[in-house]
Amino acid sequence: MFLLHARGSITLDDNLYKRVLGVLLLFPITRFFFFRSPGAHELKPYNIFGAVAIGATVGLLSGMIGIGGGIILSPLLILLKWTDQKQTAAISAAFIFVNSLSGLGGMLTQGITFNSDMYIYIAVAFGGGLMGAYLGSKKLNQDGLKYVLATVLLVAAYKLLFTTA
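To get our numbering, take the position in the sequence shown, counting from 1, and add 11.
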């Protein structure tokens, strides 16, 4: 289940955490597979105070559950019709990068050190990010990007919901 600590943080049991995250991933998957992205003529101007509040809330929540946050932010940007698919991908990538650096910094202040495998993971993640940024900005159209993202999320949700690894 979950435990509420005196410092106010919530810790979920590993299995429950995986199931909750897997179910949350089903929302953007459904959004990307079954609903179209807003066209340029449908986009609405954002409210700076609303944007800051949403960004702060998503940052806090993503930090609490240990994810980059783009998976929460992306569907919101599209749902609110503030951005199209490519703009959402760019904003989310930057958001995830900053949140990940913050999380890494927090872990380093707790005495966590890198082992040799971690450098390989960082290099692979960085290379994958560069390849994804190139494909998303230069090669894929809106629908292609949407279906690639939905497929990646579907694989992640399946793993969280139906495997033990």
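We put the CB at the ideal spot given by N, CA and C, even for glycine.
Here's the rule I'm using: 16 or more other beta-carbon atoms within 10 Å means buried, otherwise exposed. How should residue i be labelled?
i: residue 86; result: buried
i: residue 43; result: buried
i: residue 73; result: buried
i: residue 113; result: exposed
i: residue 100; result: buried
i: residue 106; result: buried
i: residue 55; result: exposed
i: residue 133; result: exposed
Specify the secondary structure class of residue i as computed by DSSP and reduced to three states.
i: residue 103; result: helix
i: residue 125; result: coil
i: residue 88; result: helix
i: residue 158; result: helix
i: residue 48; result: coil
i: residue 58; result: coil
What whole-angstrom Cβ distance do residue i and residue j have, given they're in contact under 8 Å?
i: residue 165; j: residue 40; result: 5 Å
i: residue 70; j: residue 26; result: 26 Å between Cβ atoms; not a contact.
i: residue 98; j: residue 157; result: Residue 98 to residue 157, Cβ: 13 Å. No contact.
Where residue i and residue j are concerned, what is the direct C-alpha to C-alpha distance, given to the nearest angstrom?
i: residue 154; j: residue 126; result: 39 Å
i: residue 24; j: residue 84; result: 25 Å
i: residue 168; j: residue 122; result: 31 Å
i: residue 47; j: residue 144; result: 21 Å
i: residue 65; j: residue 128; result: 35 Å
i: residue 16; j: residue 149; result: Unreliable placement is indicated for residue 16, whose pLDDT of 37 sits below 50; no coordinate value is reported for it.
i: residue 93; j: residue 82; result: 16 Å
i: residue 103; j: residue 80; result: 8 Å
i: residue 36; j: residue 78; result: 12 Å
Does the beta carbon of residue i come closer than 8 Å to any beta carbon on chain D?
i: residue 117; result: As a matter of chain content, chain D is missing from the structure shown, which is built from one protein chain.
Along the chain, where does the alpha helix (DSSP H) that runs through residue i open and close?
i: residue 32; result: 25 to 45
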